[in-house]
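Below is one structure; the comments refer to it alone.
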Amino acid sequence: MIPASRTIHQNLVDVDADGLNVKLIKLSDLNQDLTDLRTVVERNEGRPLGLSAAYSPTGGLRLLAVADATTVIIIDFETDNSKNNGRATPPHDTTVGVDYLRDYILCRSAGFVHSFDVGPLALALWQSHDLRIQQAIDVQSACATPLTRAPLAAVKFAIGDTAHIFDINIRRVFNDYICHVPDDPSASQTTTPLAQRAWVAHHISQLGSMEERLANVPPVNTVRLSDTILRFLAKTTQDAFQLDEKKPTEVTRTVAAAFNKGKVDAKVDRYQHKIRSGSNQQARIHVPGVAAGGGYNMSAVIGRTRGEGVRLQTDGIVSGNRVTYITLTGRDDPTAAEVKRAKIVLMILQGKIGTGGSEGLNLWVHQIFLEPGDEFVWPAEWAKSTTPPIKLRRDAIPRPLNSSQVKVIRRMLSNADEDRVSIVQGPPGTGKTTVIASYVLTAVSAGQTGIWLIAHSNIAVKNIAEKLADFGLTNWKLLVAKEFYEFWHEHLYVHIRSNIIISDEFIDQSVMSQLYGCPVVLCTLSMLSSPRLSQFGVFRKVPLKNIVVDEASQIEIGEYIPLFTTTSTIRKVTFIGDDKQLPPHGQEEIGGLQSIFEVEHLRKHMLLLDTQYRMPPQIGEFISQSVYEGLLKSSEDHSLAQTQYMTCQFINVAGKQVPVGTSLKNAEECQAILKLSSILQEKGKRFKIITPYDAQRTLIENEMKDAGLQWTDTCFNVDSFQGIFLLLCGADSDKLLGNEEDYIIISLVRSFDLGFLQDLRRTNVMLTRCKRGMVIFTSKTFMQKYGKDSLVGNLLEYYDNEAWLEIQDMEKTIFV
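Those letters in the sequence shown? Residues 1 to 816, by the UniProt record's numbering.
Set out below in structure tokens:
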């Protein structure tokens with residue numbers, strides 16, 4: 001048990017300082033006795049104080065630390081009162097302590113408070129405890145770290161060479177903001193890093209070298225903001241906090257390593273295993289023994305990374321080439337998109353971005369996120385400045401269009417106010433990329449410019465680009481990150497290479513001049529947050545006017561903040577996706593996460609692409625009735641529309657699931673799949689294998705390789721650990737949801753409990769990939785005992801259980 005009052009010694013910076021007197025006071029006690037807090041406040045009147053916070057697992061504020069040079073007062077709010085992203089009044093009989101905290105610290109009239117990441121702290125104060133703050137300075141904003149907000153980088157910048165900095169301790173102190181013992185924080189080690197974070201914020205405020213920089217940082221002020229704006233900002237910040245907390249704090253990567261004294265050059269086998277340099281992570285290399293067994297670990301510093309390789313620096317003297325593994329501790333650094341999102345929220349709190357008019361939290365944010373009232377109107381000049389209505393010429397489109405596709409395209413071409421925001425639901429195989437390409441072809445032919453086609457994944461963007469090329473369109477550019485393209489995915493872009501601009505080419509004006517004046521630009525949503533695009537004025541020269549967002553059902557609405565708060569040129573947005581398939585990453589664990597499809601006032605006008613062309617009509621009819629309320633039709637022109645043969649079969653395999661780390665494998669299913677793969681390969685059939693578990697994918701791929709079967713670009717993993725479906729394979733490791741094939745083989749792996757089969761949307765993705773047929777490997781016992789109420793079980797019932805085959809009967813399977 002840690003006492004409520006104790007002395008600790010900070011171990012972040014090597015400076016001559018006495019111990020810190022740390023006192024933890026419950027809010028109920030503070031309401032009765034203000035002595036300790038009053039002492040700190042009165043001796044620092046007009047002078048800076050340091051703040052830091054510890055949060056509940058859902059992001060609500062639980063502990064607040066107030067620090068000067070010698071004392072840290074930690075206030076335990078005793079509960080996180082935030083509920084449904086709203087506010088609740090703390091349940092205390094008296095508010096003396098709360099009032100004093102508000103009036104003399106949070107809203108003090110003289111002197112500033114300083115904190116790392118003050119934006120989330122300010123919003124959590126309001127959301128959890130109805131407290132506002134002003135005169136609050138964000139420490140990172142004063143430090144020249146434009147590409148990262150990592151606290152270590154900020155501390156190094158602020159303190160410079162005047163004192164030794166203990167990198168490992170700073171990483172550890174800033175690695176975890178969660179209050180781990182909610183019933184008794186005084187017994188938790190949470191209070192030590194919390195106290196040190198508040199102290200170092202105060203320490204930096206006292207440095208003469210930082211005085212001018214800190215004075216130039218606009219203070220955060222939530223007093224001037226409305227409840228509506230604060231509610232929106234608090235929700236998106238809390239969502240981002242919870243997503244960040246879901247990032248693993250330790251991962252292990254198997255690598256091929258070349259040891260050369262103190263240097264280790266390591267290579268990973270897949271893009272998703274890539275090791276990235278960052279400020280928050282430490283590495284530990286396992287050095288395998290020469291003989292069986294043995295081996296030891298040594299720490300390493302992550303250095304230069306490029307492609308599949310990473311160089312690590314160690315103090316060891318090992319030499320030679322070995323296959324080993326590297327353990328990374330600490331979360332990945334925030335992405336550029338995450339940094340920009342947090343930066344924009346902070347700028348709004350600082351008043352650097354307004355909350356009304358045509359900038360900042362502008363018309364788009366109110367229309368999309370805040371539900372406009374009856375008084376909402378688009379600016380009159382928008383209608384005057386737009387081009388005349390564009391008519392769809394169906395005879396100019398190289399593909400036939402059904403009536404629902406025509407309706408969607410006409411909505412996308414409309415410049416009427418009621419059509420400025422549109423949502424389109426596109427179930428699997430309904431021609432979403434055909435719709436987008438048809439819209440672009442018509443719009444560009446009519447002279448429209450400023451068309452940006454955006455998606456969540458690189459592969460979705462690439463698929464749209466290939467469809468544009470297929471339609472004969474050539475005047476467009478695709479922006480792709482060097483990290484994704486180089487070494488890993490260059491082969492995916494061979495046919496459209498002349499239309500691509502790699503991110504490291506953004507500094508080359510001769511290359512970028514090809515982009516300026518181009519009517520159509522394609523990129524991922526995260527690419528829009530690239531600092532280089534803003535640095536070189538891309539959005540001024542190629543303004544965002546007409547936005548089409550594909551995979552919108554996978555995008556958490558907070559991810560749009562950089563898009564809709566940093567430009568005033570947008571006139572129209574169309575969101576395309578399918579909320580019956582992939583949700584935003586993390587929605588399964590964080591129920592409050594929303595995609596645009598969960599915004600009720602926008603769903604009222606949602607359009608449906610109602611005809612699917614991919615799946616055999618038998619399977620399409622089942623998916624329509626089970627998932628899409630019977631609204632999804634199958635094309636009468638499908639080549640299997642009249643077939644009498646089974647297009648889906650189940651293979652009975654009496655296998656058992658075996659845990660492999662956080663994954664599963666089923667050796668019996670693997671061997672049965674090898675037999676079917678051999679049959680299909682001999683018949684010259686096109687097929688792919690999908691399994692929900694990475695361990696099973698690895699097992700199947702290795703066994704296919706050993707058996708001499710075609711294994712590259714064949715076996716895919718549906719990654720259930722991350723909660724996002726990534727169809728991954730070997731070097732082609734980011735082929736995402738648009739993947740399809742004539743025949744799909746599915747290995748369910750499980751022999752007990754439903755696991756991923758409980759999620760209808762994720763299972764829906766898996767069952768909608770085939771164009772001619774599907775074979776599912778599982779066992780009758782599992783389906784009867786566990787799987788009968790799942791979507792897969794409903795599919796079996798749809799076929800009246802006549803779809804079963806035994807392993808020995810697989811050769812009798814008719815592949816139509």
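Yeah, the Cβ is synthetic: ideal placement off N, Cα and C, and Gly gets one too.
Since the model is a prediction, treat every value here as computed from it, not as a measurement.
Please report the Cβ distance between residue i and residue j, rounded to the nearest whole angstrom; I am assuming they are in contact, meaning their Cβ atoms lie under 8 Å.
{"i": "S595", "j": "I555", "result": "6 Å"}
{"i": "D138", "j": "V118", "result": "4 Å"}
{"i": "V98", "j": "L34", "result": "At roughly 11 Å, the Cβ-Cβ gap does not stay under 8 Å, so V98 and L34 are not in contact."}
{"i": "R341", "j": "A234", "result": "Going by Cβ atoms, the distance from R341 to A234 rounds to 14 Å, so no, they are not a contact pair."}
{"i": "A641", "j": "I807", "result": "Their Cβ separation, rounded to whole angstroms, is 31 Å, which puts A641 and I807 out of contact at 8 Å."}
{"i": "A136", "j": "V155", "result": "Their Cβ separation, rounded to whole angstroms, is 19 Å, which puts A136 and V155 out of contact at 8 Å."}
{"i": "V255", "j": "A142", "result": "Actually they are not in contact, since the Cβ atoms of V255 and A142 sit about 39 Å apart, beyond 8 Å."}
{"i": "G577", "j": "S553", "result": "3 Å"}
Helix, strand or coil: which one does DSSP assign to residue i?
{"i": "V424", "result": "strand"}
{"i": "D315", "result": "strand"}
{"i": "Y55", "result": "strand"}
{"i": "I25", "result": "strand"}
{"i": "M210", "result": "helix"}
{"i": "A163", "result": "coil"}
{"i": "A153", "result": "helix"}
{"i": "Q581", "result": "coil"}
{"i": "Y786", "result": "coil"}
{"i": "Y693", "result": "coil"}
{"i": "residue 871", "result": "The chain is shown only over 1 to 816; residue 871 falls outside these bounds and no answer can be derived."}
{"i": "I547", "result": "strand"}
{"i": "L346", "result": "helix"}
{"i": "Y560", "result": "helix"}
{"i": "V323", "result": "strand"}
{"i": "A481", "result": "coil"}
{"i": "E741", "result": "strand"}
{"i": "I570", "result": "coil"}
{"i": "L64", "result": "strand"}
{"i": "I807", "result": "helix"}
Need the endpoints of the alpha helix (DSSP H) that residue i sits in, please.
{"i": "L631", "result": "Counting along the chain, L631 falls outside any alpha helix (DSSP H), and DSSP gives it neither H nor E."}
{"i": "F232", "result": "227-245"}
{"i": "W126", "result": "118-129"}
{"i": "V96", "result": "96-101"}
{"i": "T763", "result": "760-767"}
{"i": "S141", "result": "From DSSP, S141 is part of no alpha helix (DSSP H); its letter is neither H nor E."}
{"i": "R603", "result": "600-603"}
{"i": "E505", "result": "Careful: E505 lies outside any alpha helix (DSSP H) and carries neither H nor E."}
{"i": "S534", "result": "531-535"}
{"i": "V365", "result": "363-368"}
{"i": "E371", "result": "That residue, E371, is in no alpha helix (DSSP H); it is neither H nor E in DSSP."}
{"i": "V538", "result": "538-541"}
May I ask which residues mark the beginning and end of the beta strand (DSSP E) holding residue i?
{"i": "T39", "result": "Counting along the chain, T39 falls outside any beta strand (DSSP E), though it belongs to the alpha helix (DSSP H) covering 35-43."}
{"i": "F777", "result": "770-778"}
{"i": "residue 900", "result": "It is not possible to answer for residue 900, since the shown part of the chain is limited to 1 through 816."}
{"i": "K261", "result": "250-267"}
{"i": "M298", "result": "296-306"}
{"i": "S5", "result": "5-8"}
{"i": "H202", "result": "H202 -> not in any beta strand (DSSP E); alpha helix (DSSP H) instead, spanning 191-205."}
{"i": "I555", "result": "Note, I555: premise wrong, no beta strand (DSSP E); not H, not E."}
{"i": "L795", "result": "Note, L795: premise wrong, no beta strand (DSSP E); alpha helix (DSSP H) at 791-798."}
{"i": "R132", "result": "Note, R132: premise wrong, no beta strand (DSSP E); not H, not E."}
{"i": "C179", "result": "Segment: none, C179 is in no beta strand (DSSP E) and carries neither H nor E."}
{"i": "Q282", "result": "282-287"}
{"i": "S115", "result": "113-115"}
**Segments of 4+ residues assigned as alpha helix (DSSP H) that fall wholly inside the stretch 608-669** = Every alpha helix (DSSP H) of 4 residues or more that sits fully in the stretch 608-669 is shown, in chain order, as 617-627.
The stretch 318-326 / the stretch 152-167 touching (three or more Cβ pairs under 8 Å)
no
Every unbroken alpha helix (DSSP H) within the stretch 398-451, with a cutoff of 4 residues, ordered by chain
403-413, 432-445
Could you say if the stretch 613-633 and the stretch 653-664 meet the contact criterion of at least three C-beta pairs nearer than 8 Å? With a cut-off of 8 Å, the stretch 653-664 and the stretch 613-633 do not count as touching, because too few Cβ pairs lie within range.
Margin query: Within 8 Å, do at least three Cβ pairs link the stretch 215-226 to the stretch 333-352?
Written below: yes
> Okay, do the stretch 545-564 and the stretch 471-491 touch, 3+ Cβ pairs below 8 Å being the bar?
Replying inline: no
Next on the checklist: Is it the case that the stretch 693-708 contacts the stretch 780-790, given that we only count it when at least three CB pairs across the two stretches are under 8 Å?
Outcome noted: no
inquiry  = With three or more C-beta pairs closer than 8 Å as the rule, is the stretch 495-511 touching the stretch 469-478?
reply    = yes
Notebook entry, point to check: Do three or more CB pairs link the stretch 57-67 to the stretch 123-132 at distances below 8 Å?
Noted result: yes
Does the count of Cβ pairs from the stretch 519-529 and the stretch 412-424 closer than 8 Å reach three?
no
*Meets three-Cβ-pair contact criterion under 8 Å: the stretch 703-719 and the stretch 669-689*: yes
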